[in-house]
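Residue numbers (this note's numbering), protein chains in the order written: chain Y, 1494 to 1818; chain P, 1494 to 1818; chain X, 1494 to 1818. Where is the CB? At the ideal position from N, CA and C, for every residue including glycine. Some notes on the structure that comes next.
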Amino acid sequence: MNNFFHKKIKFILLEDLEKICNLSYKKKIKKKILNVNSIKEASNSEITFLNSSNYLKDAMHTNALVCIINKKFKKYLNKKTIPLISEQPEIDFYKVVNFFYPNSNVDNENVIHSKNINLIKKNIFIGHNTLVDKTAEIGNGTKIGNNVIIKPNVKIGNNCLIGSNVIISNALIGDNVIIKSGTLIGQTGFGFKYIDKTRLNFPHIGRVVLENNCQIGSLCTIDRGTLSDTVVGEFSTIDNQVQIAHNVKIGSFCIIASQVGIAGSTIIGNNVLIGGQAGISHHLKIGNYVKIGGKSGVVSSIDDNQIVMGYPAKSLREFVKQNKK
Amino acid sequence: MNNFFHKKIKFILLEDLEKICNLSYKKKIKKKILNVNSIKEASNSEITFLNSSNYLKDAMHTNALVCIINKKFKKYLNKKTIPLISEQPEIDFYKVVNFFYPNSNVDNENVIHSKNINLIKKNIFIGHNTLVDKTAEIGNGTKIGNNVIIKPNVKIGNNCLIGSNVIISNALIGDNVIIKSGTLIGQTGFGFKYIDKTRLNFPHIGRVVLENNCQIGSLCTIDRGTLSDTVVGEFSTIDNQVQIAHNVKIGSFCIIASQVGIAGSTIIGNNVLIGGQAGISHHLKIGNYVKIGGKSGVVSSIDDNQIVMGYPAKSLREFVKQNKK
Amino acid sequence: MNNFFHKKIKFILLEDLEKICNLSYKKKIKKKILNVNSIKEASNSEITFLNSSNYLKDAMHTNALVCIINKKFKKYLNKKTIPLISEQPEIDFYKVVNFFYPNSNVDNENVIHSKNINLIKKNIFIGHNTLVDKTAEIGNGTKIGNNVIIKPNVKIGNNCLIGSNVIISNALIGDNVIIKSGTLIGQTGFGFKYIDKTRLNFPHIGRVVLENNCQIGSLCTIDRGTLSDTVVGEFSTIDNQVQIAHNVKIGSFCIIASQVGIAGSTIIGNNVLIGGQAGISHHLKIGNYVKIGGKSGVVSSIDDNQIVMGYPAKSLREFVKQNKK
Chain Y
1494 MNNFFHKKIK FILLEDLEKI CNLSYKKKIK KKILNVNSIK EASNSEITFL
1544 NSSNYLKDAM HTNALVCIIN KKFKKYLNKK TIPLISEQPE IDFYKVVNFF
1594 YPNSNVDNEN VIHSKNINLI KKNIFIGHNT LVDKTAEIGN GTKIGNNVII
1644 KPNVKIGNNC LIGSNVIISN ALIGDNVIIK SGTLIGQTGF GFKYIDKTRL
1694 NFPHIGRVVL ENNCQIGSLC TIDRGTLSDT VVGEFSTIDN QVQIAHNVKI
1744 GSFCIIASQV GIAGSTIIGN NVLIGGQAGI SHHLKIGNYV KIGGKSGVVS
1794 SIDDNQIVMG YPAKSLREFV KQNKK
Chain P
1494 MNNFFHKKIK FILLEDLEKI CNLSYKKKIK KKILNVNSIK EASNSEITFL
1544 NSSNYLKDAM HTNALVCIIN KKFKKYLNKK TIPLISEQPE IDFYKVVNFF
1594 YPNSNVDNEN VIHSKNINLI KKNIFIGHNT LVDKTAEIGN GTKIGNNVII
1644 KPNVKIGNNC LIGSNVIISN ALIGDNVIIK SGTLIGQTGF GFKYIDKTRL
1694 NFPHIGRVVL ENNCQIGSLC TIDRGTLSDT VVGEFSTIDN QVQIAHNVKI
1744 GSFCIIASQV GIAGSTIIGN NVLIGGQAGI SHHLKIGNYV KIGGKSGVVS
1794 SIDDNQIVMG YPAKSLREFV KQNKK
Chain X
1494 MNNFFHKKIK FILLEDLEKI CNLSYKKKIK KKILNVNSIK EASNSEITFL
1544 NSSNYLKDAM HTNALVCIIN KKFKKYLNKK TIPLISEQPE IDFYKVVNFF
1594 YPNSNVDNEN VIHSKNINLI KKNIFIGHNT LVDKTAEIGN GTKIGNNVII
1644 KPNVKIGNNC LIGSNVIISN ALIGDNVIIK SGTLIGQTGF GFKYIDKTRL
1694 NFPHIGRVVL ENNCQIGSLC TIDRGTLSDT VVGEFSTIDN QVQIAHNVKI
1744 GSFCIIASQV GIAGSTIIGN NVLIGGQAGI SHHLKIGNYV KIGGKSGVVS
1794 SIDDNQIVMG YPAKSLREFV KQNKK
């Protein structure tokens, strides 16, 4: 895991889980759990969870040390991984995450502004009223507008252009990236559950990664990931008022027009074109070179090279046929 | 009426209406009108109006002292209420409102910033460049980000989390409320008429009421009410880039995903789930436990427990059937 | 051309085009090119381009001195205009524009704030932390909120109301204009091409023109034009979260509800009514008195007085019929 939160503790023991989320393993064994991770990326010292049939393949091949899991999915789990049966694996897992990373489910507004002399040396331009946290790093030749807030540990590459009124937190930004004014990068995403008449906001320990040369329009919101990162690939170009939810991965050379919304954990290939006001549901996979017509509502995954339109989105040919009737 | 505007005057006389909006009552009677209100909530010292058949039931039971009303609706009006016949009841009424409350149809940007010492005592965190009007009240333990503007008379409860670049006016905010960055609460709404080649912007003397524990995403706009309040209920959770128009009432434990728009005066029940990019027309009533699919366009009221989808929105069953053909 | 960029040079010679974009004219003639322009508005000392059959009529009647043009369209070009055959007329033309106007394809965040004493004399109100460039002009009685950025050469008329957190660049704003909080006026638009695995952002030397008495909602984005202006006509009224792309022209007395998106170069007549969340494709012409239902997707031009709805938008009558089945 790469992220911007400091773990509160170095490790927990398998037996500690009983205190944290009331889960215990039948065999009494001493195991150190060093961190949390997604089922796909977890290493053999990490804990993860599974509560959806979408990830059974990952479950079979996971390297995780421990997996909090629904009873019905247990048979799919890699035999090397310790299963902890739960009726609410996601919730119990997030309790563990919150234990490792307190405050990862809120937005930190505490910026310790530094008027770092190094900024001048590196040919950085910074506008009026702009706050740059003393732990943030900014590359050579980068220009930052007015009223901008760069929060702790953010890294911005060389020769970027950041507009005014931009807020950046929990983000890793490459070189030559353009972020237009009023855009918010790296906030917590829309992940929560109502439990016992209260709200549990999910932890967001992931980052936003903006790869080299990508461009983000004005008044966009790109939320940081829960466990993995939210990513915009190289040279992808995004228009104004676009919403990109937590964990979304966008490939390179994509074109995303204004007012598009992409829901959580959806993966978009390379060279994808998305027309204005289109919406894409969560947990989908959109192939390379896909074209999605403006205002389409995409509710299922799309193979490479397809052209779709409509709501629910179908092949362009079918859309045109239906609308000729 | 609870609101944030000071009345210019204590009362008007029934006969003054001739000067204000050219309406007069046939009988010469002395009546003091103390305030304006909606037909449903008006007391027997207040003036209201009626110009839509949607509110005939309210007309029968209104306690209003005076009602500016279309001739055709006069027969439905409570006999105790004085009818003033008008061809443009809404316009004439708004002239009366503007007389009572000047400047209620514009956004006031005049903030007299106070560095109130009490803030420290109450364990309040306030970021850089943030303006808090000296008449605003902020509860214990509330944290407010950078570049925030809290306008006159706003009340914010305890333990709230307000992001950066937020603007709050004419609002009453409960405890434990979360408002993410870039969101605007309490502006004037989209209410106006073109009359004689000019624009009459409607007064907005209502508030935005955010009840305890509700959560508002980033870059949302929640406009204040015209006569009544705009309300978001307890524990309701709203994602980024959502637009909530004047007078909308949202119940408790609702979930509203990104880029949803809810038009003026629509009432939403409790535990309602609204998918991303859905739009809901004005003056509708959405029941409890309703689920509205992403990108749906809702143009008529919905009973409790229904699941709808599509544009225009229909039952999910019908939507699926139609899209299988 | 009226714009806010200073030309780097007074003129180029026809023969210079070989260096700038590798185009040369068969005949060796000395011609001074003084500026760039659209094919419709170019004068006989200006260079333009043509790459779409939409503008063949303009090609026949253009006054341009030089036109960079696809081979297949050459026969339509006014005989007085010098044709320069190109396989990528738009790209080659933009290279010329960038030569005349460097930096017109990025947003300039450099504001030299002036606390101009004249502001007081003219009864101007300016809020806290607001930056007004020393070259900006502001009319009598105009009120500007907090955290606003008024960039170089912007002109704002008399008695305007500008909210807080507004950013204005490259704009000409009339009298009595209302711009609500958080809105961005005059940024570069979404115009670019991927060429040889890199992005060429198109120049934007046009302005945003907001005519007298128009009103713009909160958190809107109105991008400036590429060659011509983006225009909002007199008394038109726009709600929150609306996106208006480069070169769009909106007539007078239009009503545009929340979350509408209008794509590049579309022309909208007078007295047009557009419902919430509607989207309009690029390069369309919408007639006078047209009504577009909420959430409609308009993909073709519309004649005067039509009422349309749906996606793709069709006549209201047809939409209702289809949805009764």
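Is it buried or exposed, Y/E1508, if we count other Cβ atoms within 10 angstroms and call 16 or more buried? exposed
What are the residues that DSSP puts in a beta bridge with X/T1541? X/C1560
Just confirm the distance between the C-beta atoms of P/G1757 and P/A1738, as a whole number of angstroms; I'd bet it's less than 8 Å. 4 Å
Ends of the beta strand (DSSP E) at Y/R1869? In the structure displayed, chain Y extends from 1494 to 1818; residue 1869 of chain Y sits before or after that span and is not available.
Taking Y/G1803 and X/E1602 to be in contact with their CB atoms under 8 Å, please state how far apart those CB atoms are, rounded to whole angstroms. That pair is no contact at about 40 Å.
X/I1760 to Y/G1718 span [Cα, whole Å]: 40 Å
Under a CB-based cut-off of 8 Å, is Y/F1728 close to chain X? yes
Which residues in chain X sit within 7 Å of Y/F1746, going by Cβ to Cβ distance? Y1687
Are the C-beta of X/N1640 and some C-beta of chain P separated by less than 8 Å? yes
Along the segment 1706-1718 of chain P, what residues have a CB closer than 8 Å to any CB found in chain Y? N1706, Q1708, G1710, S1711 and L1712
Exposed or buried, what is P/M1494 when buried is set at 16 or more other beta-carbons lying within 10 Å of its beta-carbon? With a pLDDT of only 49 at P/M1494, under 50, the local geometry of the prediction cannot be trusted, and the value read off the model is given with reservation. The residue in question, P/M1494, is buried, as its Cβ has 16 or more Cβ neighbours within 10 Å.
Does the count of Cβ pairs from the segment 1666-1674 of chain X and the segment 1687-1705 of chain X closer than 8 Å reach three? yes
If we define contact as Cβ-Cβ less than 8 Å, is Y/D1732 a contact residue for chain X? yes
CB contact below 8 Å: X/Q1736 versus chain P: no
Between P/K1817 and chain Y, is any beta-carbon pair separated by less than 8 Å? no
Can you tell me the Cβ-Cβ gap for Y/V1604 and P/H1621, rounded? I've got them flagged as a contact below 8 Å. 7 Å
Decide if the segment 1514-1531 of chain X is in contact with the segment 1556-1563 of chain X; the criterion is three or more beta carbon pairs, one per stretch, under 8 Å apart. yes
Does the beta carbon of X/F1812 come closer than 8 Å to any beta carbon on chain Y? no
Give me, in chain order, the residues of the same chain whose beta-carbon lies closer than 8 Å to that of P/K1521; leave out the 5 immediate sequence neighbours on both sides. E1508
Can you tell me which of P/S1711, P/I1671, P/F1728 and P/E1583 puts its alpha carbon nearest to the alpha carbon of Y/I1688? P/F1728
With a Cβ-Cβ cutoff of 8 Å, do X/L1677 and X/I1584 count as a contact? no
So is X/P1805 in contact with chain Y if we call contact Cβ pairs under 8 Å? yes
Does the pairing of the segment 1572-1580 of chain Y with the segment 1593-1601 of chain Y give three or more beta-carbon distances under 8 Å? no
Can you find the residues in the same chain that come closer than 6 Å, C-beta to C-beta, to P/G1769, ignoring five residues on each side of it along the sequence? A1750, S1751, Q1752 and G1787
On a Cα-Cα basis, can you pick out the residue from X/K1644, X/E1630, X/S1517 and X/N1764 that is closest to P/K1686? X/N1764
At least one CB of chain P closer than 8 Å to the CB of X/A1756: is that the case? no
Looking only at its chain, what residues have a beta carbon closer than 8 Å to the beta carbon of P/N1633, apart from the 5 residues adjacent to it on each side? K1615, N1616, I1617, N1651 and N1652
Could you give the DSSP three-state label for P/H1554: helix, strand or coil? helix
Using beta-carbon positions only, say whether Y/L1766 and Y/I1748 come within less than 8 Å of one another. yes
Listed from N- to C-terminal order along the chain, which residues in the segment 1617-1648 of chain X have their beta-carbon within a distance smaller than 8 Å of any beta-carbon of chain P? F1618, G1620, H1621, N1622, K1636, I1637, G1638, N1639 and N1640
Can you tell me whether Y/I1661 is buried or exposed? The criterion is at least 16 other CB atoms within 10 Å of its CB, across all chains shown. buried
Residues in the same chain with beta-carbon distance under 8 Å from X/V1711, minus the five sequence neighbours each way, listed in chain order, please. The sequence given here places Ser at residue 1711 of chain X; Val does not occur at that position. Cβ within range, chain order: G1656, K1673, S1674, G1675, T1676, N1733 and Q1734.
Name the chain P residues that come within less than 9 Å of Y/S1774, Cβ to Cβ? G1768, G1769 and G1787
According to DSSP, simplified to helix, strand and coil, what is Y/S1808? strand
CA nearest to the CA of P/N1515, picked from P/H1606, P/Y1587, P/H1697 and P/N1740: P/Y1587
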